[in-house]
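What follows is one structure encoded as structure tokens, with my remarks underneath.
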Amino acid sequence: MAAEHIYLDYNATAPVRPEVVAAMREALELGGNPSSVHSTGRRARGLVERSRAHIAGFLGAVPEALVFTSGGTEANGLALTGPVRSGRADALIIGATEHDAVRAPARRLGVPMFELRVSGDGVPDLAHLDDLLKTCIDRGLTPLVSVMHANNETGVLSPIRQIVDMVKDTTKGLVHTDAVQTIGRVHVDVAALGVDLLSLSGHKLGGPPGIGVLFVAEGLALDPLIEGGGQELGRRSGTENVPAIAGLAAAIEALDRDDHPFAEWRDRFEAHLMDAVPDAVVFGAGAPRLDNTTCFGVPELIGETQVMALDLAGFEVSSGAACSSGKVARSTVLAAMGQPDTISNSAIRLSLGWASRETDLERCLAAWTDHYRRWQSRRISGAANRDQEAHAPLHANT
Ligand code: PLP
């Protein structure tokens, strides 16, 4: 086993920051149920509300607009289900490259659902949005449009403000954005974006897993997914996860200390990759993208084999394609971008974050190139076909 592992999978999850561990320990030691009226309860409430105010300030929102959830998945589920069940929306338009945390609830809601196409670079097609909005108007439907702020596999950013303007100019519809991958990576201000709903998750930015937030615009009625004690203004019952909430606030506070020039590192990596292997394809290269993400493939080279070879060499990355419970699934993201299987099954994703160092990508590229050259020479000697049969593609839906 390699002595040192270099972690290049921040889009799956980020290592927890030390400041977060400290804040969570303090909250655990504080104890208390924020709904209790005694002093321990009131201290816990104080911590929750200070954390809420801090996170809201970071997003340009008022504190009451935030609903704490168990993560990005629940925030997305509430964002889609809440307005449909409350009767505020009766149709869905979702981006073709959305995460399953949006796709799955959208499919189950039983209202007309339309999929918004993306370009070959993964950017939502605004002419198609225009058509879909017209269809909704013709059919007397009020759409909830859910388009992710940035894609988890490719890092491609969506023009959310333009989408909001199009929806609001023509309909009484709502706009939700899954901002799980953008918080801390690009400036996110709910007022500037103009969205009605926005989801985030703690563990992508160095906070704890199992905590998320749904921003809900003032006056928007949501039916809750979880009912009970009426916490979070009745929008999400259950005793608040005080340590995780405090940890999320600490992670957001720590973002101010991040100033890595990820775009420079990533661009240098991609330039060297293309020099070494000219038929490599960088997905979404022509689109505005997150600085921390690169996702690429080489025709016929299997993604999962690369992930395993890199792991043995000490580099932790994801494949762009996945396998759950033994069933092989293509990357729906790359398929929506029109990529054929031969290339999309080859995709691997490298993503940087708060503890990344300048040399991480270059060192990973050296290991990857080594793997690539060995694969190529085996291929020439005819062994590659056997390899291909042995390894099913894996999908990183993270
Ligand atoms: N949305 C996107 C774009 C994601 O990448 C993820 C995480 O994999 C989620 C939602 C789900 O977030 P969580 O893991 O906090 O439930």
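Numbered per this note's numbering, the sequence shown spans residues 1024 to 1421. The beta carbon of each residue, even a glycine, is placed where N, CA and C say it ideally should be.
With 16 or more other CB atoms across the displayed protein chains lying within 10 angstroms of its CB, Leu-1324 is buried. When distances are taken from the beta-carbon of Ala-1114 to the heavy atoms of the ligand PLP, even the shortest one reaches 7 Å or more.
In this structure, His-1028 sits away from Gly-1326, with a CB-CB distance that is not shorter than 8 Å. Rounded to the nearest whole angstrom, the C-alpha separation of Gly-1235 and Met-1047 is 15 Å. Per DSSP, the continuous beta strand (DSSP E) segment holding Pro-1166 begins and ends at 1166–1169. Note: Thr-1316 is bridge-paired with Ser-1374 in the DSSP secondary-structure output. Contiguous beta strand (DSSP E) elements confined to the stretch 1146–1214 occur at 1166–1169 and 1197–1201, taking only those with 3 or more residues. In this structure Leu-1388 is not in contact with Leu-1313, their Cβ atoms being roughly 19 Å apart against a cut-off of 8 Å.
Relative to the ligand PLP, even the nearest heavy atom lies 7 Å or more away from the CB of Ala-1088.
Counting along the chain, Met-1136 sits inside the beta strand (DSSP E) bounded by residues 1136–1139. Three or more Cβ pairs closer than 8 Å define a contact, and the stretch 1163–1172 meets that threshold against the stretch 1199–1218. A straight-line Cα-Cα distance of about 26 Å links Arg-1162 and Pro-1182.
By the neighbour-count criterion, in which 16 or more other beta carbons inside 10 Å mark a residue as buried, Gln-1185 falls on the exposed side.
In this structure, the C-beta of His-1199 stays at least 7 Å away from each heavy atom of the ligand PLP. About 19 Å separates the beta carbons of Gly-1100 and Ala-1119, which is beyond the 8 Å limit, so they are not a contact pair. Per DSSP, the unbroken beta strand (DSSP E) holding Gly-1235 starts and ends at 1235–1239.
When only Cα atoms are considered, Ser-1374 and Cys-1318 end up about 8 Å apart.
With at least 16 other beta carbons inside 10 angstroms of its own, Glu-1121 counts as buried. When the beta-carbon positions are compared, Arg-1259 and Val-1090 come within less than 8 Å of each other. For Ala-1084, there is no enclosing beta strand (DSSP E), as DSSP marks it with neither H nor E.
Burial state of Ile-1403 is exposed, judged by a 10 Å Cβ sphere holding fewer than 16 other Cβ atoms. Of the residues assessed, Glu-1087 falls on the exposed side of the cut-off, its CB having fewer than 16 other CB atoms within 10 angstroms. Shown here for Glu-1049: same chain residues with a beta carbon closer than 8 Å to its own, the five before and five after excluded, namely Ala-1269 in chain order. DSSP places Thr-1092 within a strand segment (E or B) once states are collapsed to three.
In the three-state reduction of the DSSP assignment, Asp-1393 falls in the helix class. When the alpha-carbon of Leu-1220 is set against those of His-1394, Leu-1082 and Pro-1232, the nearest one is in Leu-1082. Residue nearest to Asp-1188 within the set Ala-1215, Ser-1367, Leu-1245 and Gly-1105 is Ala-1215 (criterion: CA-CA distance).
Secondary structure of Val-1340 (DSSP, three-state): coil. Of the heavy atoms belonging to the ligand PLP, at least one sits nearer than 7 Å to the Cβ of Ala-1124. Taking a cut-off of 8 Å for Cβ pairs, the stretch 1034–1045 and the stretch 1379–1394 do not touch, as fewer than three such pairs fall below it. Put simply, the backbone Cα of Ala-1370 is about 48 Å away from that of Ser-1058. Within 10 angstroms of the beta-carbon of Thr-1104 lie 16 or more other beta-carbons, which makes it buried. In the DSSP assignment, Ser-1222 falls within the unbroken beta strand (DSSP E) covering 1220–1224.
Distances from the CA of Trp-1398 to each of Ala-1079, Pro-1301, Val-1321 and Gly-1054 were compared; the closest alpha carbon is that of Val-1321. The Cβ atoms of Leu-1223 and Gly-1080 lie no closer than 8 Å to each other.
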